[in-house]
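Taking this note's numbering, I'd label the letters of the sequence shown as residues 43 to 181. Where is the CB? At the ideal position from N, CA and C, for every residue including glycine. Computed from a predicted model, the values in this text were never measured in an experiment.
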Amino acid sequence: TLPRLVSALPADGATEVDQTTEIRLSFDRPINPLTLSSETVWLTQDGVRDAVSISLAKDGSEVILTPQVPLRASGGVQVTVTGVEDLSGNTAPYSTISFQVRGPSKLLAEQVRGRTNKSFAGGLLSAERRFIGFLIGRR
43 TLPRLVSALP ADGATEVDQT TEIRLSFDRP INPLTLSSET VWLTQDGVRD
93 AVSISLAKDG SEVILTPQVP LRASGGVQVT VTGVEDLSGN TAPYSTISFQ
143 VRGPSKLLAE QVRGRTNKSF AGGLLSAERR FIGFLIGRR
């Protein structure tokens, strides 16, 4: 039987994917590492191939793609798998997954949300106190 791609992270059709995400492709059996290359597994963003490092995990059944530079915000990404073989020489069927990278405005909003309310509010209160102190000092 042929090896099958059983799942991917991010999932096919995912949106709001982080720019620094690793792509994990899970197969139903171990993959022959000698069949993994930029000719058998690749990533394109908005139609342009991006360089990735390829590694194996989970006893060889998980292929990990790590983009060498962060993915571009708001970009459409496609991962293609063709010619990958299992340890018995069976070739996995041609597969693609596609997802969308989160846009810049959502990145900024998440960075602001990531701050603790105390530190964010404290910074605002401190700035307000300085401004009020300046106004009072001018009278």
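Is the Cβ-Cβ distance between A115 and P146 less than 7 Å?
Cβ distance < 7 Å, so A115 and P146 count as in contact.
Okay, do the segment 68-88 and the segment 121-139 touch, 3+ Cβ pairs below 8 Å being the bar?
The segment 68-88 is in contact with the segment 121-139.
Rounded to the nearest angstrom, what separates A134 and P72 at their Cα positions?
In a straight line, the C-alpha of A134 is about 11 Å away from that of P72.
When DSSP labels each residue in this structure, what does D101 get in the three-state scheme?
The answer is helix: DSSP assigns D101 an H, G or I state.
Quick check on DSSP: helix, strand or coil for L76?
Helix.
Between the segment 136-145 and the segment 51-60, are three or more C-beta pairs nearer than 8 Å?
Judged by Cβ distances under 8 Å, the segment 136-145 makes contact with the segment 51-60, as three or more pairs qualify.
Near E104, which residues of its chain fall below 8 Å by C-beta distance, leaving aside the five closest residues on each side in sequence?
Cβ neighbours of E104 beyond the five flanking positions: R66, L67, S68, F69 and L98.
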